[in-house]
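In what follows, a structure is listed as structure tokens, so that the remarks can point back to it.
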Amino acid sequence: MTEQPNILLIVTDEWRGDCLGVAGHPDVKTPYLDSLADMGVYFPNAYSPCPSCVPARACLYTGLHQRHTGRVGYQDCVEWNYGCTMAGELTKAGYQTHCVGKMHVYPSRSRMGFESVDLHDGYLHYGRFPGIDYYENQQVTDDYFYWLKNEKGAACDITDSGVECNSWVARPWPYEEKYHPTNWVAERSIDFLRRRDPRRPFFLMASFVRPHAPYDAPQCYFDMYRDAPLQKPASGDWDRRDWLQAFGRRYNAATGPCDEALIRQQQIGYYACITHVDHQIGRIWMSLVEHGLRDNTVILFTSDHGEMLSDHCWCHKSLPYQGSIRVPLLIAGPERFVGPAGRTSEALAALQDVMPTVLSLAHAPVPAHLDGEDLLCAPQRTWLHGEHVFHFQQRSNQFIVTAHDKYIWFSQTGEEQYFDLEKDPQETHNAIGDAACAARIRQLRGLLAQALAGSPEGYSDGTTLFPGRTPRECLPNATAPNAP
């Protein structure tokens, strides 16, 4: 019988693609993930096709392009009725499937094909609004919050430090480290390894909410970066500094802070959360070793999207720039499963590639309708279509990204941007008006027009882009089963 490896999928929330030691970041410390990268293959050109939690995770769980999941923006409280999912197909293939941490689906206890779930979705506003159904209230449905309430008392919450879940404000965790949600995900993952059925291969998704805000790692992680010289955020000739001056003092604005001291605090808090997660990943890895599972387990690591972190005056995700759309991606494990160790693949990768990759690793059938490609067989795509309907609709965007450059179209205003990522990886110059780039821009604009042909919004007729059409966060197929 063909050997089926155990599969550990580690997913984080809002982790920038450049924030790894192996990616060459000058400041962030990620010793465990860097070690994993040395055990397999690292993908520096990996992207979130729709960079916010809900639509990105739909691509991850289903192996589908965002136009086929129907989710092209962030919208809660829309049922997830997908008929074919990564966990569901692995369960059919004989795997014991379990998720610990963030799912961000609706209803919140939907298992998406997993046999069991220990849920922690983070601080979701929709689960806390007055009048919310009792069974959707996070204090009831979220296993971490339920555990924390029993451990620390009903008044305890993750916002007790005074930092908000979509803010650039940073402050260390106010309680013992063992109560932090990052530690809880690691602890519950390790407990699954203890109580798993040893006769079956397992698929474990350890899904961390951090480094998504609140930036609240334990004090020791803040101390690691407190006195370090930190690289300043990227800036360019197209930055909207007028918006920064207008909104940069608001704790939860889409822009970053306008105060340089606060920018530094934001960076320290974000990097602290990253290293905290890295160390907890180290705990899970050591548990694999202790259980004798290292030699037959494949580990994949990625994130749903990135974080602008004050690059070009912006904060958060949803934007078409590298800080927001580029994600970390690596696959580590024994050579018989993942190939030679320590290599880098320049392939253009996307979140929808994870499902066909793990199904191939599991020797499970790969459904023909999937849009993703097996990452271990060198994806052949030369360009990727991404998009996001933004809360501020004038920022709703479409983009075509390649391994070398990027074209951006803002669907409401018709504004365009073009960046040569080889020469200008930090996107400092918008080259949309450069004569030398005109032919290439026409080519990429044409690819986007083709990708949006027949879109429900009426964005394109296949050759021309039409600005000003009403964007939709969910397309009509968002709640329809996607299995053939």
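Count along the sequence shown from 1, then add 888; that gives the number in the working numbering.
Cβ coordinates follow ideal geometry from the N, Cα and C atoms, glycine included.
I'd like the span of the beta strand (DSSP E) that includes residue i, first residue to last.
{"i": "Asn1285", "result": "1285-1289"}
{"i": "Trp1297", "result": "1293-1298"}
{"i": "Glu1275", "result": "1272-1276"}
{"i": "Gln1305", "result": "1304-1308"}
{"i": "Tyr930", "result": "928-930"}
{"i": "Leu924", "result": "From DSSP, Leu924 is part of no beta strand (DSSP E) but of the alpha helix (DSSP H) over 919-925."}
{"i": "Asp1130", "result": "First-last for Asp1130: 1129-1135, but that is the alpha helix (DSSP H), not the beta strand (DSSP E)."}
{"i": "Val1242", "result": "Here Val1242 belongs to no beta strand (DSSP E); instead the alpha helix (DSSP H) covers 1242-1249."}
{"i": "Val1005", "result": "1004-1007"}
Please go through the same chain and pick out, in chain order, the residues whose beta-carbon is closer than 6 Å to the beta-carbon of residue i, but skip the five residues on each side of it.
{"i": "Trp1072", "result": "Tyr1032"}
{"i": "Met1243", "result": "Gly951, Met974, Gly1260"}
{"i": "Leu1363", "result": "Gly958, Pro1344"}
{"i": "Ser996", "result": "Thr1029"}
{"i": "Asp926", "result": "Gly1230"}
{"i": "Thr1367", "result": "Glu967, Asn969"}
{"i": "Arg1384", "result": "The displayed coordinates of the chain run from 889 to 1372. Any statement about residue 1384 would go beyond what the structure contains."}
Which residues does DSSP list as the beta-bridge partners of residue i?
{"i": "Ser1123", "result": "Paired residues: none, contrary to the question."}
{"i": "Gln984", "result": "Phe1090"}
{"i": "Ile895", "result": "Phe1091, Val1186"}
{"i": "Asp901", "result": "Pro1099"}
{"i": "Thr1143", "result": "Trp1202"}
{"i": "Tyr935", "result": "Arg1214, Ala1238"}
{"i": "Thr1232", "result": "Tyr930"}
{"i": "Gly961", "result": "Val1277"}
Do the CB positions of residue i and residue j come within less than 8 Å of each other?
{"i": "His1193", "j": "Ser1212", "result": "yes"}
{"i": "Gly1342", "j": "Cys938", "result": "no"}
{"i": "Ile1162", "j": "Cys907", "result": "yes"}
{"i": "Gly1221", "j": "Gly928", "result": "yes"}
{"i": "Gln1314", "j": "Ala1122", "result": "yes"}
{"i": "Phe1287", "j": "Pro893", "result": "no"}
{"i": "Ala1141", "j": "Tyr1103", "result": "no"}
{"i": "Gly1190", "j": "Val916", "result": "Correcting the residue identity first, residue 1190 is Thr in this sequence and not Gly. Not closer than 8 Å, so no."}
{"i": "Ala1043", "j": "Arg1214", "result": "no"}
{"i": "Lys1106", "j": "Glu1065", "result": "Rather than Lys, the amino acid found at residue 1106 in this sequence is Pro. The answer is yes: Cβ separation under 8 Å."}
{"i": "Ser1077", "j": "Val988", "result": "yes"}
{"i": "Ala1266", "j": "Ala1238", "result": "no"}
Whose C-beta lies closer than 7 Å to the C-beta of residue i among residues of the same chain, with five residues either side of it excluded?
{"i": "Ser1004", "result": "His986"}
{"i": "Tyr1014", "result": "Asp964, Cys965"}
{"i": "Ala998", "result": "It is Ser, not Ala, that sits at residue 998 in the sequence shown. Excluding sequence neighbours, Ser998 sits near Trp968."}
{"i": "Tyr1158", "result": "Pro1099, Tyr1103, Glu1195, Leu1197"}
{"i": "Glu1361", "result": "Val960, Gly961, Tyr962, Gln963, Val1277"}
{"i": "Asn1025", "result": "Gly1015"}
{"i": "His1251", "result": "Thr890, Gln892"}
{"i": "Phe1002", "result": "Ala975, Thr985, His986, Cys987"}
Going straight from the alpha carbon of residue i to that of residue j, what length do you get?
{"i": "Thr1047", "j": "Cys1053", "result": "8 Å"}
{"i": "Ile1151", "j": "Leu1263", "result": "36 Å"}
{"i": "Phe1135", "j": "Gln1300", "result": "21 Å"}
{"i": "Arg1330", "j": "Gln1338", "result": "12 Å"}
{"i": "Ala1291", "j": "Trp1173", "result": "31 Å"}
{"i": "Leu1132", "j": "Ser1248", "result": "46 Å"}
{"i": "Cys1203", "j": "Leu896", "result": "30 Å"}
{"i": "Asn1365", "j": "Ala1256", "result": "19 Å"}
{"i": "Met1000", "j": "Tyr949", "result": "8 Å"}
{"i": "Leu1207", "j": "Phe1091", "result": "32 Å"}
{"i": "Cys1108", "j": "Asp922", "result": "21 Å"}
{"i": "Thr1358", "j": "Thr1270", "result": "29 Å"}
{"i": "Leu1118", "j": "Gln1155", "result": "8 Å"}
{"i": "Asp1308", "j": "Val1097", "result": "32 Å"}
{"i": "Pro1086", "j": "Tyr970", "result": "30 Å"}
{"i": "Tyr1209", "j": "Arg904", "result": "11 Å"}
{"i": "Lys1037", "j": "Asp1006", "result": "15 Å"}
{"i": "Arg1182", "j": "His956", "result": "36 Å"}
{"i": "Ile1169", "j": "Pro1145", "result": "30 Å"}
{"i": "Leu924", "j": "Asp1166", "result": "11 Å"}
Name the two residues that bound the continuous alpha helix (DSSP H) containing residue i.
{"i": "Thr1163", "result": "1148-1178"}
{"i": "Lys1040", "result": "1031-1040"}
{"i": "Asp1079", "result": "1069-1083"}
{"i": "Gly1211", "result": "1210-1213"}
{"i": "Ala1220", "result": "Taken as a continuous stretch (DSSP letters only), Ala1220 belongs to no alpha helix (DSSP H), being part of the beta strand (DSSP E) at 1217-1220."}
{"i": "Gly1334", "result": "1326-1339"}
{"i": "Asp1111", "result": "1107-1114"}
{"i": "Phe1225", "result": "1223-1226"}
{"i": "Gln954", "result": "954-957"}
{"i": "Tyr949", "result": "941-950"}
Does the beta carbon of residue i sit closer than 8 Å to a beta carbon anywhere in chain D?
{"i": "Arg1088", "result": "Annotation note: the requested chain D is absent from the structure, which comprises a single protein chain."}
Could you pull out every residue in the same chain whose Cβ sits closer than 8 Å to the Cβ of residue i, ignoring the five residues on either side in sequence?
{"i": "His953", "result": "Pro937, Cys947, Gln1240, Asp1259, His1273"}
{"i": "Asp1127", "result": "His1200, Cys1201"}
{"i": "Gly1124", "result": "His1200, Gln1314, Glu1315, Thr1316, His1317, Asn1318"}
Should residue i be listed as close to the ligand COA, given that the test is whether its C-beta is under 7 Å from any heavy atom?
{"i": "Ser1212", "result": "This structure does not include the ligand COA; it has no bound ligands of any sort."}
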